[in-house]
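In this note's numbering, the protein residues as written are 1 to 404. C-beta: ideal position from N, C-alpha, C; glycine also. Take a look at the structure set out below.
The structure is reproduced here in structure tokens:
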């Protein structure tokens, strides 16, 4: 049989039936709701088309935005409606469907509204999987891409009976709920980390030694008094190779890949060792250039010897605990570092500026306690992020195999 999915629940058999979307649904368009129409205390829930890219997944139950526009001038949802943007930046982005599981939600003007007696959740999972490319091909435009109901009507689908639609929708919803729960957990851990760092570095929270005694007072020192400074040496994007012999870190990776602690290196190069600058265990690195002042104030501790460090990196070498220092610089001192940087279109940060930075440093033993505590939170965040990625990968595989 041709019209059957690769992965199927055992109680169902028989081929799925081919239909056009226009034969099983009616189409309408939302009505304009501008960004300025959104108010925190609005009386009417609403969805703007851009939120399908940034806020919502396949299932919409909890509405984020509200408006005080006159209800009689708006288009309102019915439970089970499927919505797809009518305009967007790219063809693949515009092919984004969501099912609204709520009545009376105002739908903005750049939304195609699909009403059907089929299972809306099943339909929108289907449109976001095997049919995503087909929808993208239907859209038209260059700088702005448009998608019209007249195009969507022509879309060919293969549909099972209602019972199988419901089973698939329920199963995929459970997967999405797990991803949502993990995402909430990750956000809570990140917020907890931020809050506890503020309390630790303001000394509102203090650690005790193994003997139960509180550690001594923190001492003010300039960074230049407790560290020496180096600069990395140029490693361009084109120098990165998958099977390179030398592990390396490029400054941009501090924004996109790494956090305060770097123990596993993502990039490699085959550049001549003699032309490179290498890390020592415990080095703290901060970008020497970036797009904004607050971005450039980003510190990481490298827990590995002999990692090549690129040219746009300030290297701080100290006998203080590098992990403690990285957390401290990213929390208590972040705004101070940002203020030191200079530039407009490109912001620069020099070692001569970093040397003047005033720190309050605890004893080494307390630094270690703080570093270990904050590292343990980061490990929990990493574990949750790994679970999120695994769940998303699992869902992607299901979407590819559960539809025709």
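Cβ contact annotation for residue 10 (same chain, cutoff 7 Å, sequence separation greater than five): none. Per the Cβ contact rule, the segment 14-32 is in contact with the segment 62-81 (3 or more Cβ pairs under 8 Å). Cβ-Cβ distances below 7 Å link residue 6 to 401 in the same chain, with the five nearest sequence neighbours on each side left out; the list follows chain order. Here residue 376 carries a helix assignment [DSSP, helix/strand/coil]. Sequence-distant Cβ neighbours of residue 349 in its own chain, meaning closer than 6 Å and more than five residues away, are 288, 296, 341. In the three-state reduction of the DSSP assignment, residue 384 falls in the helix class, which pools H, G and I. Distance check between residue 305 and each of 324, 298, 280 places 280 closest, using alpha-carbon atoms only.
Around the Cβ of residue 125, a 10 Å sphere holds 16 or more other Cβ atoms; the residue is buried. Annotated as distal: residue 119 and residue 97, with beta-carbon spacing of 8 Å or more. Taking residue 310 as reference, the option from 292, 328, 286 with the minimal CA-CA separation is 286. Burial check for residue 216: the Cβ neighbour count within 10 Å stays below 16, so the residue is exposed. In this structure residue 328 touches residue 359 by the C-beta definition: roughly 7 Å separates them, less than 8 Å. By the Cβ test, the segment 368-376 is in contact with the segment 320-337, since at least three Cβ pairs between them sit closer than 8 Å. Shown here, residue 342 sits in a strand according to DSSP, grouped into three states.
For residue 66, the secondary structure class from DSSP, reduced to helix, strand or coil, is strand.
About 6 Å separates the CB atoms of residue 106 and residue 44; that is less than 8 Å, so the two are in contact.
With respect to the 8 Å criterion, residue 144 and residue 87 are classified as neighbours on the basis of their beta carbons. Apart from the 5 residues on each side of it in sequence, residue 82 sits with its Cβ closer than 6 Å to the Cβ of 97, 99, 114, 120, 123, 124 in its chain, given in chain order. In the DSSP assignment, residue 134 falls within the unbroken alpha helix (DSSP H) covering 132-138. Within its own chain, the residues whose Cβ lies closer than 6 Å to the Cβ of residue 48, once the five positions on either side in sequence are excluded, are 33, 108, listed in chain order.
In this structure, residue 260 sits near residue 301, with a CB-CB distance shorter than 8 Å. Taking residue 36 as reference, the option from 68, 62, 57 with the minimal CA-CA separation is 68. Our two residues, residue 266 and residue 236, have alpha carbons roughly 15 Å apart in a direct line.
Judged by DSSP secondary structure, residue 90 falls outside any alpha helix (DSSP H); it is assigned neither H nor E.
In the DSSP assignment, residue 159 falls outside any alpha helix (DSSP H) and lies within the beta strand (DSSP E) extending over 156-159.
Contact between the segment 389-397 and the segment 222-240 is absent, with fewer than three C-beta pairs closer than 8 Å.
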